[in-house]
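The structure appears right after this line, and notes come after that.
In our numbering, the protein residues as written are 2 to 687.
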């Protein structure tokens, strides 16, 4: 190799600390014949990420099936209209293989070049690059036992690469996993590399490669082989990924960022979507669970952390959260921290702020699965610096959870799936998040010699629909016919009646906490909460309905009322809840093992229609709303009897409905709708 060639290589791939252009970034997603809807879904997801590069598979074997030509005649043009496609051609038709399977070498190596020639003729406008096979060291893709010296492979790929170049296309050599420099040297020796424009690399740090020494070390070995043999192709990461099967989505973020920093020409993330759990992987049906969780999006379409951050704020948002997650726990400090699961959420972020202002150290334990909570996390770090440590993790990861719990002085458990409608569509996920996650936490606490005290937030939904409660209409609200309940609310003697998957999962968690306090003497207390509202609330139809109504009204969007709107709830301002939470920890010996109804109580009740009237007054214009059907298990009336907790601690709410809603209204205008103006009523209410 000449000195000029070596110099050119070094300029293309600067050393680690030198500036270099970012690689072209894309995603990997393969489609089975007939997956028309999934193709459209994937294209929408790619567009939302702002990407234009897609690597996808084209099965030579599938093309030989009856529907094969029609499928690819639709797929490749459809993809190429939206993205730059790199098709990876792989899988031998069993009928022409040395053995009757898709991983067998073809009897005639030239047949592969003939197939590619035909595909170029049919789809010349649909792609510029062609990748020649996929991970040939994987027996599922290429049975090298039938080709022990790789002669069949090098002959097949070398001949195909030569002809592809004659047809005006560019070639990518298949990547191996793990990368094998000796195999690459063999391809150079066999003459294959003279027709190759880019070399592919597949790497899965922490999932398929556990002795990972970093991108620079790997790429140095690849480039050394190429330099020695006088070649200077582009180097692409054609697959890099991380499986979130252990519910550790922040590690997927870390591997993604590491790949983007690698000195290569292109970087393809594998993959866009998780594998459908109803389908087999190449290894077989759920033989290896890791293979079902490589996507940025779950199989049901739910975005994971990486996808959501990229779609929301691009690479900068991903980098910001990753840096925030690297804040150390400082476990050797003399003062143990307060651990808040779900600490980036509405209640958790408010509590963390209060504790940090009190001088306490706080650990936020949150998987950031709820869109928008990352803003709360950044707000906490900006305001409190190192007083707030962050562990981006899931309560379904028992190992990380156990590690964090061991550092705790106190624990508040807010991590949960919070929506009734979500529980109806995916009850298994709802159970895992609420019941299994809580059990994992209880087990981590139980394993400690001195278990930290726990406050767990349950829900009034554990009382079910309250269908036996006789109600009367009174204007724009319902009232109990029983005067005693009207004056005092529903107390803890009300029978539990789990209704909806959400009610069952939260109810199970509720009872586990009570029973662990009884059986294992864990210092724990349960809050069965009514409607909480206040600043930093995201506000959806299922959770945080007061904020949801305000946000929609400020945005000029209509509101859907499920039911007739006369449903009554007691509402509690978040600052009053914080006082109750702190009192529960301070008075743990007195409240240990008990469940308490917590809400605004009879003095802070409001119907849905009445809250819309109040919002209309604050906005100085009526709120537009529509009616929808009642939702399963929805209570027409629920007001907390808070006397039991008042007697135990002296706590009572201080914030009235008018003042509290006005304060939330003002906060939303300032932070989410800064162009709006203040209302005279709001100023008078403060």
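In this text, a Cβ means the ideal position worked out from N, Cα and C, and glycines have one as well.
Supposed close pair residue i, residue j - CB separation, criterion 8 Å
i           : j           : result
residue 323 : residue 254 : 5 Å
residue 184 : residue 138 : 7 Å
residue 252 : residue 215 : Between residue 215 and residue 252 the Cβ distance is about 16 Å, and since that is not below 8 Å, they are no contact.
residue 575 : residue 533 : 6 Å
residue 118 : residue 164 : 6 Å
Those residues which DSSP pairs with residue i across a bridge
i           : result
residue 481 : 472
residue 606 : 571
residue 63  : Bridge partners of residue 63: none, in fact.
residue 459 : 529
residue 390 : 364
residue 271 : 29
residue 626 : 560
residue 352 : DSSP, once it has assigned bridges, lists no residue as partnering residue 352.
residue 406 : The partner list for residue 406 (beta bridge, DSSP) is empty, contrary to what the question assumes.
residue 107 : 98
residue 172 : 131
residue 89  : 58 and 132
residue 597 : 528
residue 206 : 210
Contacting residues, own chain, Cβ-Cβ under 6 Å from residue i (five flanking each side not counted)
i           : result
residue 16  : Residue confidence is low: residue 16 scores 47 on pLDDT, short of 50, so the model does not pin down where it sits. Its coordinate-derived value is still stated next. Nothing listed; no residue qualifies.
residue 553 : 560
residue 628 : 562
residue 14  : Its pLDDT being 42, under 50, residue 14 is placed unreliably in this model, and the coordinates cannot settle the point.
residue 124 : 77
residue 248 : 395, 397 and 398
residue 672 : none
residue 34  : 63, 68 and 72
residue 186 : 226
Nonlocal neighbours in the same chain, by C-beta distance under 7 Å from residue i, ignoring five residues either side
i           : result
residue 505 : 499
residue 431 : 418, 423, 424, 502, 503 and 506
residue 325 : 378, 379, 382 and 391
residue 271 : 29, 240, 241, 242 and 295
residue 495 : 464
residue 73  : 59 and 64
residue 682 : Residue confidence for residue 682 is low, a pLDDT of 44 falling below 50, so the modelled location carries little weight; the figure read from the coordinates is stated next. Result list for residue 682: 618 and 619, in chain order.
residue 11  : Legend: pLDDT at residue 11 = 34, less than 50; position of this residue unreliable, value from coordinates given subsequently. Hits under 7 Å: none found.
Pair within 7 Å by beta-carbon distance, residue i and residue j
i           : j           : result
residue 571 : residue 600 : yes
residue 408 : residue 453 : no
residue 351 : residue 648 : no
residue 1   : residue 344 : The structure shown does not extend to residue 1, since the chain is modelled only from 2 through 687, so no value can be given for it.
residue 458 : residue 396 : no
residue 529 : residue 598 : yes
residue 53  : residue 84  : yes
residue 461 : residue 638 : no
residue 479 : residue 470 : no
residue 662 : residue 595 : no
residue 293 : residue 304 : no
residue 159 : residue 200 : no
residue 236 : residue 268 : no
residue 113 : residue 157 : yes
residue 121 : residue 107 : no
residue 624 : residue 616 : yes
residue 674 : residue 555 : yes
residue 310 : residue 257 : no
residue 439 : residue 510 : yes
residue 364 : residue 338 : yes
residue 50  : residue 312 : yes
residue 415 : residue 508 : no
residue 162 : residue 196 : yes
residue 94  : residue 62  : yes
residue 564 : residue 631 : yes
residue 369 : residue 636 : no
Sequence-distant residues of the same chain with beta carbon closer than 8 Å to residue i, five excluded per side
i           : result
residue 37  : 75
residue 140 : 104 and 146
residue 610 : 477, 478, 562, 566 and 567
residue 547 : 532, 534, 538, 540, 572, 612, 662 and 665
residue 210 : 178, 179 and 204
Contact the stretch 23-30 vs the stretch 66-73: 3+ CB pairs below 8 Å: With the rule of 3 Cβ pairs closer than 8 Å, the stretch 23-30 does not count as touching the stretch 66-73.
Validate contact between the stretch 382-400 and the stretch 215-235 using beta carbons, cut 8 Å, 3 pairs: No: fewer than three Cβ pairs fall under 8 Å.
Segment contact, 8 Å Cβ cut-off, at least three pairs: the stretch 574-589 with the stretch 442-453: Here the stretch 574-589 does not lie against the stretch 442-453, with fewer than 3 beta-carbon pairs under 8 Å apart.
The stretch 162-172 touching the stretch 118-133, judged by at least three CB pairs closer than 8 Å: Flag = yes, the stretch 162-172 and the stretch 118-133 touch.
The stretch 654-667 touching the stretch 488-495, judged by at least three CB pairs closer than 8 Å: No, they do not touch.
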